[in-house]
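Here's the structure, in structure tokens; my notes come after.
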Amino acid sequence: MKPRLVVVGSNMVDLITYVDRMPDRGETVEAPRFEMGNGGKGANQATAAARLGSQVAMVSKVGEDVFGQDTIRNFARNCIDTRHVAVVKGASSGVAPIFVEPSGENSILIVKGANGELKPADVDAAAAELLASDLILLQLEVPLETVYYTIAFAARHDKRVVLNPAPATPELDLGRLRNVSFFMPNRSELALLSGMQTETTTEIDAAAEKLLAGGVQTVVATLGSAGVRVVSPSGNFSVPAMKVTAVDTTGAGDAFIGSFAHFFVTTGDLRQALHWAVRYAAQSVTRRGTQKSYASAKEFHDFCAASPGDLPPEG
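Going by numbering that gives the first Met the number 0, the letters in the sequence shown line up with residues 0 to 314, in that order.
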């Protein structure tokens, strides 16, 4: 049976500019290439999971503009349930101007637009889908009130939650994150939210343990080329990164989280799910763009088959 996931989160239109270098303040620099695509952390994670074969429902808001209509069509193309994707009259859709440097590293601005109108009432309206889900995914590109409400809803109904605290904000109330099953920050987000250094493995563990003390069940810190560090009451361990030549790292974190959700529900094994998620994210950075860099189940199978080791589970 296919994993059933619900993403309560954002969608954005990515406005991607590939630059030779970032301009200094007040400077105009010509850039060699521009692309537009579908993005937003919630939508990205939903798309990654859906392309791997999960049954995914999206709870989100779009603007009353051409971007909003294109976003809904994009969800449909990826077989994502859009019954709870609503249009906000008079609002713009969310947009994300992205600047990609020759190294593949990126800088991103976000404008929430209609994403700022996602409310607890929208969560209640999607209660049937949430109750039928195997896992609920959350990020911070929607109002914190809605994030907290969804976590509380999940706790009342014994549902597992993945929270990606991005973009990180010091306003996040860690006391309201109890019962989050998997808290998935990157290195800088973990540093900001814990108020501690995260340069070494020892520092990462200490910062994560501070969050565990607040009630989070498991911290999965994504560390880019250094892989993943897991900190939980049952023990800490690392998952190494897969070495590839990166051309664009945009959306890699979302590829990791969406694929993790799919593989965790499929296998029931945390370490194995992370093993495959690291590889799925690695494949994504070898391609340009955000969602268009995410592989289908067959493409990912073929990617893994070209390297030594076992093959991903079918699902």
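Glycine is no exception: its CB is placed at the ideal position from the N, C-alpha and C atoms.
{"Item": "Whole-angstrom distance between V218 and A207, CA atom to CA atom", "Value": "6 Å"}
{"Item": "E34 (DSSP reduced to helix, strand or coil)", "Value": "strand"}
{"Item": "Same chain, Cβ closer than 8 Å to G89, neighbours up to 5 away in sequence not counted", "Value": "E63"}
{"Item": "Stretch pair the stretch 114-129 + the stretch 94-102: three plus CB contacts closer than 8 Å", "Value": "no"}
{"Item": "CB contact flag (N10, G93, <9 Å)", "Value": "yes"}
{"Item": "Segment limits, beta strand (DSSP E) that includes Y17", "Value": "11-17"}
{"Item": "Cβ contact (3+ pairs, closer than 8 Å) linking the stretch 26-46 and the stretch 252-262", "Value": "yes"}
{"Item": "7 Å CB neighbourhood of I71 in its chain, flanking five on each side removed", "Value": "V61, T81, V84"}
{"Item": "Close Cβ partners of Q196 (< 8 Å) along its chain, the five nearest in sequence each way excluded", "Value": "A190, E202, A206"}
{"Item": "Cβ shell of K111 (< 7 Å), same chain only, five flanking positions each side left out", "Value": "G93, E140"}
{"Item": "Beta-carbon proximity list for M241, same chain, < 7 Å, skipping 5 on both sides", "Value": "V277, R278, A281"}
{"Item": "G213 versus G194: straight-line alpha-carbon distance, rounded", "Value": "14 Å"}
{"Item": "Span of the beta strand (DSSP E), counted from its first residue to its last, around K209", "Value": "Here K209 belongs to no beta strand (DSSP E); instead the alpha helix (DSSP H) covers 200-212."}
{"Item": "Where V128 falls, given that 16 or more other Cβ within 10 Å makes a residue buried", "Value": "Checking the sequence, you will find Glu at residue 128 rather than Val. Classification for E128: buried."}
{"Item": "Proximity winner among L14, P31, L171, relative to F66 (alpha-carbon distances)", "Value": "L14"}
{"Item": "Residue nearest to F152 in terms of C-alpha spacing, selected from V7, V229, E26, H274", "Value": "V7"}
{"Item": "K60, DSSP secondary structure in three states", "Value": "strand"}
{"Item": "Element boundaries [beta strand (DSSP E), containing P164]", "Value": "Per DSSP, P164 belongs to no beta strand (DSSP E) and is neither H nor E."}
{"Item": "For N43, the three-state DSSP class (helix, strand or coil)", "Value": "helix"}
{"Item": "Same chain only: Cβ atoms within 7 Å of P31, ignoring 5 sequence neighbours per side", "Value": "Y17, D19"}
{"Item": "Cα-Cα separation, I150 to L173", "Value": "12 Å"}
{"Item": "C-beta contact flag for A165 and K40 at 9 Å", "Value": "yes"}
{"Item": "Residues near A95 in its chain [Cβ-Cβ closer than 8 Å; skip 5 each side]", "Value": "M11, V12, D13, L14, G38, G39, I107, L108, I109, V110"}
{"Item": "Simplified DSSP assignment, three categories, for L117", "Value": "coil"}
{"Item": "Among D69, S59, S283, N73, the one whose alpha carbon lies nearest that of V87", "Value": "S59"}
{"Item": "DSSP state of A225 mapped onto helix, strand, coil", "Value": "helix"}
{"Item": "Cβ neighbour criterion (16 or more within 10 Å) applied to S283", "Value": "buried"}
{"Item": "Limits of the alpha helix (DSSP H) - the one that A190 falls within", "Value": "186-193"}
{"Item": "Rounded distance between the beta-carbons of S237 and G252, thought under 8 Å", "Value": "Not quite, the Cβ-Cβ distance comes to about 17 Å (not below 8 Å), so this is no contact."}
{"Item": "Whether D155 touches I135 by CB criterion (9 Å)", "Value": "Here residue 155 is Arg; the residue named in the question, Asp, does not match the sequence. The answer is no: Cβ separation not under 9 Å."}
{"Item": "Span of the alpha helix (DSSP H) around L143", "Value": "143-155"}
{"Item": "Closest by C-alpha distance to L269, when choosing among H300, G234, T289, G288", "Value": "G234"}
{"Item": "Rounded C-alpha distance that separates S53 from K297", "Value": "14 Å"}
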